[in-house]
Structures are given as structure tokens and as C-alpha cells.
Amino acid sequence: MAINNGMVVHFRVNCEFVFKGWSTTADETGLFFFGCLIVMFYCMLHMNLYTFKLILPKNVIVDICWYLIYALSGIMVMQLIMTMNGWVNVAVIIGCTIGYSIQESWSQIYEKENQAPPGGCEFCN
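Heads up, the sequence shown is in the numbering used here, so the first residue is 256 and it goes up one at a time.
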């Protein structure tokens with residue numbers, strides 16, 4: 256006796272993105288493609304939220320607000336993946352990959368600019 260309770264990823268154009276109002280049918284291929292581009296852009300922004308934290312002032316309230324936004328953004332990315340549409344999942348993967356590479360390069364540039372001099376900080380002595 257086989258019981259199939261697995262989730263199936265489908266590669267169709269008819270998709271209900273995160274909200275019921277944001278859905279496409281089989282006739283709306285261009286709108287679906289545009290939706291996937293928006294998903295990629297959103298995932299790129301999500302991956303760069305850490306870089307924005309480096310720029311923000313060091314304040315408890317700002318840190319709490321940043322973490323709230325980061326947590327909600329992570330939930331949104333999870334909901335996009337749970338559409339179980341293969342093309343949306345590919346858009347999420349590509350967007351997160353591009354966003355991560357941008358975030359890493361920005362983080363390295365920011366950390367190099369804000370490092371202390373090799374002999375220690377100039378105000379310590």
C-alpha cells in the first residue's frame with residue numbers, strides 16, 4: 256500500500272504567489288515572468304539586509320526594528336518557496352545567489368574601510 260503525502264513542485268505558469276490577489280493564469284505568461292523578476296529582486300534585497308545593518312547607527316531600537324524587518328522578510332521568502340512552483344523557486348535561488356554575492360562584496364569593502372590601522376587604533380595611545 257503506497258501513501259503519497261509528498262509535496263510536488265510543478266513548473267506551470269498558473270501560480271498564486273504569496274497573496275491571492277497576486278496570481279496568474281495559464282494565459283498570463285508575461286505577468287508570470289514579471290512576477291518572477293520581482294521575486295528575484297526581492298530576494299536580492301533580502302540577502303542585502305545585513306549590509307544595511309552595517310550602515311545603520313548602533314542603537315538598540317534600530318537593531319530591534321532591523322531584526323523585525325529581517326524576520327518578516329525571511330518569512331516572505333519562505334512563503335515564496337512554499338508556492339511549490341518550480342519557476343518561482345528558481346527565481347528565489349537566483350535572486351538569493353546574486354544578492355549573497357553582492358552582499359559579500361559590499362561587506363568586505365565596508366569592513367576594509369572601517370578597520371583599525373595595523374598598529375592598533377590611532378586614539379588608543
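Built from N, CA and C at the ideal position, the CB exists for glycine as well.
Exercise for the section: Please list, in chain order, all residues of the same chain as I353 whose beta carbon is under 7 angstroms from its beta carbon, the five residues on each side excluded. Expected result: M299
Exercise for the section: Inspect the CB distances between the segment 318 to 334 and the segment 259 to 271 and report whether three or more fall short of 8 angstroms. Expected result: When C-beta atoms of the segment 318 to 334 are compared with those of the segment 259 to 271, fewer than three pairs fall below 8 angstroms, so the two segments do not count as touching.
Problem - Per-residue DSSP class, three states only, for N344 - result: helix
Exercise for the section: Taking the CB atoms as reference points, tell me whether C270 and F287 lie closer together than 9 angstroms. Expected result: In this structure, F287 lies closer than 9 angstroms to C270 by Cβ.
Handout entry: Close Cβ partners of N340 (< 6 angstroms) along its chain, the five nearest in sequence each way excluded
Key = C270
Practice task
From the DSSP output, in three-state form, read off T279 for me.
Solution key: strand
Handout entry: Environment of C320 [buried if 16+ CB atoms lie within 10 Å]
Key = exposed
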